[in-house]
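Asker:
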Amino acid sequence: MLQPILDALDLSDTDDLDDAALHNLIRQMDVAGDVADDLEGKLDRLIGELGKVEEGILAEADTDKDGKESKAELAKDEKVEREEKKEVGDEKPE
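Numbering that gives the first Met the number 0 puts the first residue of the sequence shown at 0, with every later residue one more than the last.
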């Protein structure tokens, strides 16, 4: 699947792509972009599920008796901070 793209990118500066080859390359890059977007969505969902599992494990392991913020609450706060940082990083200027 990637070989045509690699072949097209391997062209020297003197070689020109004809319209059909250029169209084919663009189509393949669009398909690759769609695959990457799908994978990104799946990874985001996986990270979300792992975060829930982590919260559950920490809640079960929480044995804090000093009246301090529990380990589960600290982990949740850290997760929220990481997500907020990620969201800020994902924002694109217009």
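For glycine and all other residues, C-beta sits at the position ideal for the given N, C-alpha and C.
Check ASP17 in the structure and name its three-state DSSP category.
Answerer: DSSP places ASP17 in coil when its eight states are reduced to three.
Asker: With C-beta atoms as the reference, is ALA103 less than 8 Å away from GLU59?
Answerer: Outside the displayed span of the chain (0 to 93) sits residue 103, for which this structure offers no information.
Asker: Tell me, to the nearest whole angstrom, how far the beta carbon of GLY50 is from that of LYS78; I am working on the premise that it is less than 8 Å.
Answerer: 6 Å
Asker: Measuring only the C-alpha atoms, how far is ASP18 from LYS85?
Answerer: 40 Å
Asker: Relative to the C-alpha of ASN23, which residue among GLN2, ASP37, ARG81, LEU57 is closest?
Answerer: GLN2
Asker: Quick check on LEU73 - is its C-beta less than 8 Å from some C-beta in chain D?
Answerer: Given the protein chain composition of this structure (a single chain), no chain D is represented.
Asker: According to DSSP, is GLU93 helix, strand or coil?
Answerer: Reliability fails at GLU93, whose pLDDT of 47 lies under 50, so the model's placement of it is uncertain and no value is given.
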